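First up is the structure itself, then whatever we jot down about it.
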Amino acid sequence: MAIRETRSRYEALGLSEDDLRRLHYHMLRARRVDERSWILNRQGKAAFVISCQGQEAAQVGAAYNLRPGHDYLYPYYRDSGMTLLLGQTPRGQFLSLMGKKEDPNSGGRQMPGHYSDRALNIVTASAPVGVQYPQATGTALAFKMRKEDGVVLVCGGEASTSGGDWHEAMNFAGIHDLPVVFLVENNVYSISTPAAAQVAGSIAARAEGYGFPGHAIDGNDVLAVYEAAREAFERARSGDGPTLIEAKTYRITAHSSDDDDRRYREREEIEEWRLKDPILRFEKYLAENGLLDEEQKEAMDAEIKAEVAEASEYADNAPFADPEDVLTGVYAEV
Amino acid sequence: MAIRETRSRYEALGLSEDDLRRLHYHMLRARRVDERSWILNRQGKAAFVISCQGQEAAQVGAAYNLRPGHDYLYPYYRDSGMTLLLGQTPRGQFLSLMGKKEDPNSGGRQMPGHYSDRALNIVTASAPVGVQYPQATGTALAFKMRKEDGVVLVCGGEASTSGGDWHEAMNFAGIHDLPVVFLVENNVYSISTPAAAQVAGSIAARAEGYGFPGHAIDGNDVLAVYEAAREAFERARSGDGPTLIEAKTYRITAHSSDDDDRRYREREEIEEWRLKDPILRFEKYLAENGLLDEEQKEAMDAEIKAEVAEASEYADNAPFADPEDVLTGVYAEV
Amino acid sequence: MATKNLLQAIHEGLAEEMRSDDSVMVLGEDVGRAGGVFRVTQGLQDEFGPARVMDTPLAESLIIGSAIGLSVNGMRPVAEIQFGDFITPAFDQIVNEAARFYYRSNGAWTCPITIRAPYGAVHGGGLYHSQSIEAWFCNTPGLKVVAPTFPADAKAMLKSAIRDPNPVLFLEHKRTYRLIKEDVPDNGHEVPIGKARVHREGTDITVVAYGLMLYTALEVVEKLSGEHGIEVEVVEPRTLYPLDKETILDSVKKTGKFLVISEANLTGSVSGEIAAVVAAEAFEWLDAPVSRLGAPDVPAAAFSRPMMDYFVPSAEKIEAAMMELARY
Amino acid sequence: MATKNLLQAIHEGLAEEMRSDDSVMVLGEDVGRAGGVFRVTQGLQDEFGPARVMDTPLAESLIIGSAIGLSVNGMRPVAEIQFGDFITPAFDQIVNEAARFYYRSNGAWTCPITIRAPYGAVHGGGLYHSQSIEAWFCNTPGLKVVAPTFPADAKAMLKSAIRDPNPVLFLEHKRTYRLIKEDVPDNGHEVPIGKARVHREGTDITVVAYGLMLYTALEVVEKLSGEHGIEVEVVEPRTLYPLDKETILDSVKKTGKFLVISEANLTGSVSGEIAAVVAAEAFEWLDAPVSRLGAPDVPAAAFSRPMMDYFVPSAEKIEAAMMELARY
Ligand SMILES: Cc1ncc(C[n+]2csc(CCOP(=O)(O)OP(=O)(O)O)c2C)c(N)n1
Ligand SMILES: Cc1ncc(C[n+]2csc(CCOP(=O)(O)OP(=O)(O)O)c2C)c(N)n1
Ligand SMILES: [Mg+2]
Ligand SMILES: [Mg+2]
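Chains as they are written, first to last, in this note's numbering: chain Y, 1 to 334; chain Z, 1001 to 1334; chain F, 2001 to 2328; chain A, 3001 to 3328.
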């Protein structure tokens, strides 16, 4: 009975079993790439790691709605779950992580997590938090002007809503009913600052003040995220305007490899959230629905781990960027 | 019957007949000063005029709650109705208008409308729209830190909510329950841009998203404004935090003496709003309540006009700022 | 070909680009029905509609940020900042974002936006409608900063800016909008970004100036020629960043004396960089101190007329600086 | 008196000012429990409570704007910008607001705020945790910009900054936080804003440098003295705006040769202004071109180590520049 009800849930969402497997695959793959990054960091091969761990459901559930190379993505630094889903590779991630010449995002110029992919319409990401929001509205406006059905997905953490850029973009999107989906991955912390000292009221509730819908959803439930995002994408595609989604989730790792989170949060809190791990949770769902047994899981994981190991090895052996590379490519040629 | 009802309105607000007369006086005085400014402009004596006309009720009704020299005011360029009420003088206004040395706001440095008065806690105003909001929250925070009962009133037009500063301040005020009152004088236009192209959704409705109350009120009804502001000031004084008030009003004049509003709005629209003039409306209310007859009105007006004429004359004869004044006062002495 | 002032020339450049390329659009505060506070965009909304000539909210970071996003998705936006003084909220989007799209993505993404901003002191403008904002931006690799002075140059350079795959900040001195008229070619006239212009040949002193100061300098220079036989070579950078060092250095090497004039507060203005280049690379040719003239180091021009007039470098001060060099 | 590195000295300066003046407070991102990403404010929240050491939202314009408002109402806020690169959203509040409160109100309102910002290239920092941001601010009358390098100076100057009635931007080079330790006086040691420091007397060349470049220069200079008998006078401005011209000019007039080194992208950096001052006011004493050294004109240091190391001016490059001057 319980099973039938949950099964009907994904069916109601129009998802096939294959879709479910892909959602699972992409979450797990992102996690494994991330885990490997920390090992490389401990080995002294990666100067800086910034993680997606804990946020894979929010990322994969939302980005699953994107049509790569058609819609646009403005990811933030934790969104490797999105960029991998769209077509970036573990190799690429590790090349970037180690500042290698072949880094697909920036040729070794940017820190890891600053994604960019012209072919996939992943717009070059930056470090100043929040700048992506006005840019995303501009990209959406271009779609609207040309009467195309493209959608722009723009993402950030909950602290990215504190700066003016978020608001200016929300207002602009509301005025012109732009085809843009705002995804806020509220993972409770901004480095050390808890959401209570960061956000007054409610992020999701703010959308109403701009005249469009906002939804606060369980960001660790990949189907809930997919559902909210699908609705938002449909709204955008049909010209009805923007949607704000606040995915409530949690940052399982420290802010980055430079951060020591014992200064500001209790271990128990993290342990509690580990129990709500979005991947374990989805695996349980799949198992309950007879879509995943231990063996299948092991097989998929083994495949992913092999890919990750190969990618990491490749990147490790790849050449560093040349010193003089720092000098080139300041201006595009007229 | 109708009269008794309206009378009980001001009594319920705790206003005496004397209060009503003062409200009327301050609105009318602000208007007359403003009208005179345009004459000086046409005479070639004032290079630039920016008006309060049409917004006197919003300004006087709100600022009537301020304790001069104790609470703080961050006015915007139209708020002469507020600064005059607090104790600035018509003389001061005209001295500023003509860039005279005695200009109390800036010694001839700033354009008219950039109010400043240390003794009255009117914080030096600027031209970049919206910068006052974060500043006001800081001033409110100082009150809170010292456990004092001071309140900060900060004002702007509806377009001042479009920039990031407004949002950052709203969020901060909400997080810390700061004793600040946000007054947005929504006069429908930002220079030429109508509110529909400026504001998505509703300004007042946004307060909820920050966790504090927002009220959209009839900004041409001085008692309605007074009422909303009084409640907001009480909330702030008793430590309950901020309030947002959106006073719906209308800019009767062009944006400034540099603007030709025929480019973007119909004369009929202005005429319609002239019928809703806040001063006429309040005079009607007072008359209906037997608090003002033609004679009293004429007497008050004559007194104001005499003061205005004298002030204008004084300012006209006052010396210009010295050229070298431009060089002094860049740094405060250590 | 018709005779036009700076404002008309810029308007025409915009209109022509919009006619020839559908992806060119204008956005900014009050650029639509009102045609901009200076009327540069007047009539464009009638011709191209409210989407391609869009009134934005009062939010400069949004204006530039959305222009960036538009450019990413096939458009060629020309963003107007109503007054240069109000470009500050967009500082992040300009210097940290637009200027770096190309470099940080290793050449994958370009950011072909143009940002028009009126600058310079004007009567009645006061502290916040007067600033010379060049120096804030002339240290940002990836960005180009142009400040043409004459109408024909301005029109041609605006077109170059719009067609440039890089972000270009296009500065217009407010007091020169209607100052002179000159023949402005209808189409096809090209002025590349990055090339200075020698307005007048001379053998005694090299003067670099732009904007209102260029006009004042050109007047003073004629007077000096007539009254004292001093022949000053006048170089207008036109592009402030990256600088056409060669033209400036060639001139100094000929004259041996150098003065750079800018209306900005002297200290930290772009004249420092220009003077430093001359002092480093033309040292052996110099017969006199590398001289600079600018406004005093106070926030900006004041509202009150006498103060404002005292603030802006005057013809007298410019003449004195030249005479001092000539006598050196 | 104890031996402290730069980071500890700044921490101590803050703590002492907070102890002696209740109105001094700290606000910024993660300055509270976490003690700041560089740990400069570590322990302060425990001692002074969460109101006086306040974690703000991630909103730099708010941080500076609210600091201004606090200062207006009796407080002496010290605002921390987490990385200098992220000061850009606060640009408006700094240059158009804080710097002008005094001037625009004709002396009625002061704005005694201090803004601390770590700057400079650091390994692993990449384009956005590396910038030298000085030049953006060293043209803003009303603002003071200080960039002390040595721990004792930094502590004393931070105190001067906090007590100053004007807004002061206090720059800290990240790579020098833990580079050296020196004796740092406990209390009472004063270093005024606006005075340069001569680190080493010399007769052959004057070198101006600050931050990491100062350390590198001081090393190179010893080498040159030992190996070639070239004696370089090293001047540290400490305050970048307004500049202590006198100390610099006195030195150049003695040595006749001048080099200014800054880690910033060369073009448009503060070294241009410094060089221009020398070229104008010490011209007659100069025996060689006014020289400058800086990073190449690219956006900022890259993440990848080889690129980053190539970006920052190295000891070799500095030595070469000095040798060229010496041989001139
Ligand atoms: C404008 C700006 N200020 C400060 C920083 C430094 N910083 C980087 S990430 C971060 C926290 C962001 O928190 P949130 O948006 O919640 O995202 P999360 O890291 O929690 O996913 C801060 C303060 C920055 N990158 N940009
Ligand atoms: C940051 C900034 N951008 C642009 C301007 C130019 N400007 C001055 S007033 C104004 C319109 C403001 O409209 P609103 O806030 O509605 O106030 P109103 O004038 O209608 O009372 C504009 C665009 C400015 N002063 N500051
Ligand atoms: Mg977060
Ligand atoms: Mg308005």
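Note that beta-carbon positions come from the ideal geometry of N, C-alpha and C, so glycine has one too. Keep in mind that this is a model prediction, so the values were computed, not measured.
Asked: Reference Y/Val335; option with closest CA among Y/Ala142, Y/Val33, Y/Thr137, Y/Asp165; Found: What the structure shows of chain Y is the stretch from 1 to 334, and residue 335 of chain Y is not part of that stretch, so it cannot be assessed.
Asked: Partners in chain F for Z/Thr1193, counting only beta-carbon separations shorter than 9 angstroms; Found: Glu2029, Asp2030, Gly2032, Arg2033, Ala2034, Asp2055, Thr2056, Pro2057, Leu2058
Asked: Contacts that Y/Ile50 makes with chain F (C-beta to C-beta distance below 8 angstroms); Found: Chain F residues near Y/Ile50: none, gap ~16 angstroms exceeds 8 angstroms.
Asked: Length-filtered (4 minimum) alpha helix (DSSP H) runs lying within the stretch 130–199 of chain Y; Found: 132–145, 164–176
Asked: Check: A/Asn3265 C-beta below 8 angstroms from any heavy atom of ligand 3; Found: no
Asked: C-beta neighbour in chain A for Y/Gly184, strict 9 angstroms; Found: Checking the sequence, you will find Val at residue 184 of chain Y rather than Gly. Output row for Y/Val184: interface = no.
Asked: Residues that DSSP places opposite A/Ile3261 in a beta bridge; Found: A/Leu3293
Asked: Z/Val1152 beta carbon near ligand 1 (any heavy atom closer than 8 angstroms); Found: no
Asked: As assigned by DSSP and simplified to three states, the class of Y/Met1; Found: Because the pLDDT at Y/Met1 is just 42, under 50, the model does not fix this residue reliably, and the point stays unresolved.
Asked: Cross-chain neighbours of F/Ile2068 in chain Y, by beta carbon under 7 angstroms; Found: Gln135, Gly138
Asked: heavy atom of ligand 4 below 8 angstroms from F/Tyr2177 C-beta; Found: no
Asked: Bridge partner(s) assigned by DSSP for A/Lys3181; Found: A/Asn3005
Asked: Listed by chain order, chain Z residues near A/Asn3166 by CB distance under 7 angstroms; Found: Tyr1331, Ala1332
Asked: A/Pro3118 vs A/Gln3082 beta-carbon contact at 9 angstroms; Found: yes
Asked: Nearest neighbour of Y/Asp345, chosen from Y/Asp34, Y/Val151, Y/Glu310 [CA to CA]; Found: Summary: the structure shown does not reach residue 345 of chain Y, with chain Y confined to residues 1 through 334, and so no result is reported for it.
Asked: Close Cβ partners of Y/Met1 (< 6 angstroms) along its chain, the five nearest in sequence each way excluded; Found: With a pLDDT of 42 at Y/Met1, under the threshold of 50, the modelled position of that residue is not reliable, and the figure given next carries that caveat. Same-chain partners within the cutoff: there are none.
Asked: Neighbourhood of F/Leu2014 by C-beta, 6 angstroms cutoff - its chain only, sequence neighbours within 5 removed; Found: none
Asked: Contacts of A/Ser3061 in chain Y (Cβ-Cβ under 8 angstroms); Found: Gly163, Gly164
Asked: Z/Gly1099, DSSP secondary structure in three states; Found: coil
Asked: Minimum Cβ-Cβ distance from A/Val3292 to chain F less than 9 angstroms; Found: Checking the sequence shown, residue 3292 of chain A turns out to be Arg, not Val. Interface residue, yes.
Asked: Within the stretch 2232–2259 of chain F, ranges of the alpha helix (DSSP H) (whole runs, at least 4 residues); Found: 2245–2255
Asked: Contact test: Z/Ala1159 Cβ vs ligand 2 heavy atom, cutoff 8 angstroms; Found: yes
Asked: A/His3173 (DSSP reduced to helix, strand or coil); Found: strand
Asked: Beta carbon proximity, Z/Leu1086 to chain F, threshold 9 angstroms; Found: no
Asked: Heavy atom of ligand 2 within 8 angstroms of F/Ala2122 beta-carbon; Found: As written in the sequence, residue 2122 of chain F is Val, which differs from the Ala given in the question. No, the beta carbon of F/Val2122 sits no closer than 8 angstroms to any heavy atom of ligand 2.
Asked: Contacting residues, own chain, Cβ-Cβ under 7 angstroms from A/Ile3113 (five flanking each side not counted); Found: Ala3067, Ile3068, Ser3071, Pro3077, Ala3079, Ala3098, Pro3167
Asked: Delimiting residues of the alpha helix (DSSP H) encompassing A/Pro3050; Found: 3044–3052
Asked: Amino acids of chain D, ordered along the chain, whose beta-carbon sits closer than 8 angstroms to that of A/Ser3105; Found: Looking for chain D here will not work: the only protein chains present are Y, Z, F and A.
Asked: Straight-line gap, Z/Ala1195 to Z/Glu1269 (C-alpha atoms, nearest Å); Found: 14 angstroms
Asked: Pick from F/Val2298, F/Ser2271, F/Thr2255, F/Asp2309 that is closest to F/Phe2283, judged by C-alpha positions; Found: F/Thr2255
Asked: Contact under 9 angstroms by Cβ, Z/Tyr1226 with Z/Asn1065; Found: yes
Asked: Cβ pair Y/Ala30, Y/Ser106 closer than 9 angstroms; Found: no
Asked: Sequence-distant residues of its chain with Cβ nearer than 8 angstroms to A/Thr3140 (five each side left out); Found: Ile3094, Val3095, Ala3099, Tyr3241
Asked: Close beta carbons around Y/Thr193, own chain, < 6 angstroms, minus the five adjacent residues each side; Found: none
Asked: F/Ala2196 to F/Gly2211 span [Cα, whole Å]; Found: 13 angstroms
Asked: Z/Arg1251: CB within 8 angstroms of a non-hydrogen atom of ligand 2; Found: yes
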